[in-house]
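In this note's numbering, the protein residues as written are 29 to 358.
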């Protein structure tokens, strides 16, 4: 088998945005794919693979499955089977475009501080390897010994702790991971907005389809095990079997806000509930944009504070030995 072509986030955003617009104006899926392959040479290989699977009778989500992350594929599948495929592709393109834009902003905001850190690291190495030995030689005082054994021990301890932490993290369920991520200082609000958006957008698709709750649960639990939507489905299944309401079940997750529970408890019709969930998912999406912009805006101020502290420590490391030597002379 050949190597699977890389379907970058920017390419995914362009693919879904272009294809949804073309289908909206009357193109068929296959004609839209031909257009995408024509205007985007970098995606021709992927589009050809998708077209081959469509010819074999696969649906568009199934044809795309190997090229997409699990959450993206599952959202597209729900839109295709129980909602509006074009609407689903439009929503995916918006989210993917946001990810790409924020990634570019993050890179732009981080580039200057990273360059300063690299320069500072070079200065630190120069002081440690050149200036300090010369200074101690001039002052007739031996340089302090470097405790390589302690440094090696701390390094191995840190690596071991990191490996154990990663193993523990991978053993957690997706819902447990989500509930842990939203507790992270500064970043927690961003994760909360993302999970609230992803959950409500997919629940809105299911309620818009007019399915009964039992059928919705069956659809969610049919997804691949150890994925977010599958675990939501199993959580709903257990709760409903115990006679709990939707709000009681979902409120066990810390990313589910009071507003969402209110929608389930106010006795709205299924159509009204679907509309409320769709509108709420849009609010969560806008909040996600604001939170990510706020965090990106904090990067440079925080980085400059850290760099300032490191510069101060570098000067102390250079001047303290000289001060101690001069103090001994006088």
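Even glycine gets a Cβ: it sits at the ideal position worked out from N, Cα and C.
Anyone know if the C-beta pair for residue i and residue j falls short of 9 Å?
i, j, result
"residue 134", "residue 317", "no"
"residue 104", "residue 85", "no"
"residue 249", "residue 265", "yes"
"residue 224", "residue 289", "no"
"residue 306", "residue 229", "yes"
"residue 113", "residue 51", "yes"
"residue 64", "residue 35", "no"
"residue 148", "residue 335", "yes"
Helix, strand or coil, according to DSSP, for residue i in the structure here?
i, result
"residue 220", "helix"
"residue 281", "coil"
"residue 341", "helix"
"residue 56", "coil"
"residue 334", "helix"
"residue 43", "helix"
"residue 253", "coil"
"residue 247", "helix"
"residue 155", "helix"
"residue 195", "helix"
"residue 112", "coil"
"residue 66", "helix"
"residue 86", "coil"
"residue 34", "coil"
"residue 207", "helix"
"residue 271", "coil"
"residue 215", "coil"
Around the Cβ of residue i, are there at least 16 other Cβ atoms within 10 angstroms (buried) or fewer (exposed)?
i, result
"residue 343", "exposed"
"residue 261", "buried"
"residue 195", "exposed"
"residue 95", "buried"
"residue 118", "buried"
"residue 157", "exposed"
"residue 221", "buried"
"residue 213", "exposed"
"residue 245", "buried"
"residue 210", "buried"
"residue 319", "buried"
"residue 89", "buried"
"residue 48", "buried"
"residue 299", "exposed"
"residue 322", "exposed"
"residue 226", "buried"
Apart from the five residues just before and just after residue i, which ones in its own chain have a Cβ nearer than 6 Å to its Cβ?
i, result
"residue 4", "Lying outside 29 to 358, the shown extent of the chain, residue 4 is not represented and no answer is given."
"residue 267", "277"
"residue 129", "none"
"residue 285", "none"
"residue 292", "274, 275"
Which same chain residues end up closer than 7 Å to residue i when comparing Cβ atoms and leaving out the 5 residues on each side of it in sequence?
i, result
"residue 252", "98, 258"
"residue 111", "233, 236, 237"
"residue 39", "70, 71"
"residue 120", "44, 100, 103, 104"
Given 8 Å as the limit, tell me if residue i has its C-beta closer than that to any heavy atom belonging to the ligand ZN.
i, result
"residue 257", "Looking at this structure, you won't find the ligand ZN or any other ligand, since it has none at all."
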